[in-house]
Amino acid sequence: SVRPDFSILIYPVISLSDSLMHKGSRDNLLGTDTSAARVILYSADRQVGTETPPAFLVHASDDKAVPVGNSVAYYQALVRNKVIAEMHVYQQGGHGFGLNNKTTQDQWSERLRNWLQANKWLP
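Position in the sequence shown (from 1) plus 333 gives the number in our numbering.
Spelled out as structure tokens, the structure:
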């Protein structure tokens with residue numbers, strides 16, 4: 334199967350709707366003049382179904398580049414469709430903190446490893 338077993342999404346652009354979009358991503362993907370139908374079609378939170386791969390999401394509340402609402406909307410869509418999902422939202426960290434969010438002692442990569450092991454994707 335070409336379907337991924339899971340996805341790991343770190344401060345992802347999920348929605349192309351006006352309230353959540355990352356303007357550059359939407360403009361580059363759909364152009365500057367697009368229809369509401371295309372926005373829905375290319376918004377991952379609007380396309381979740383029971384066959385959507387499980388997801389691990391990480392975001393920071395103070396991300397000014399990609400609103401945290403993107404991760405929240407996707408997580409909620411996954412839960413509604415009974416898809417395995419785990420989300421970690423940090424109070425601070427902004428966008429692009431990578432593997433080392435210096436604003437917390439918590440390491441999301443350790444949480445990811447635990448999630449992968451708990452779901453038998455990693456020994």
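All residues carry an ideal CB built from backbone N, CA and C; glycine is no exception.
What are the partner residues of residue i, as DSSP defines its beta bridges?
i	result
Y476	Residue numbering for the chain in the displayed model covers 334 to 456; residue 476 lies beyond these limits and cannot be assessed.
V391	I343 and H421
Over the uninterrupted alpha helix (DSSP H) stretch that includes residue i, give me the two end residues.
i	result
Y408	G402 to R413
Q450	W441 to A451
G357	K356 to L363
Can you tell which of the options has its C-alpha closest to the C-alpha of residue i?
i	options	result
A388	I343, T437 and V335	I343
Using beta-carbon positions only, say whether residue i and residue j come within less than 8 Å of one another.
i	j	result
D378	G426	no
A406	H428	no
Under the assumption that residue i contacts residue j (Cβ atoms under 8 Å), give the Cβ distance between them as a whole number of angstroms.
i	j	result
S348	S376	5 Å
A393	V401	7 Å
Between residue i and chain D, is there a C-beta pair that is closer than 8 Å?
i	result
S368	Of the protein chains in this structure there is only one, and it is not chain D.
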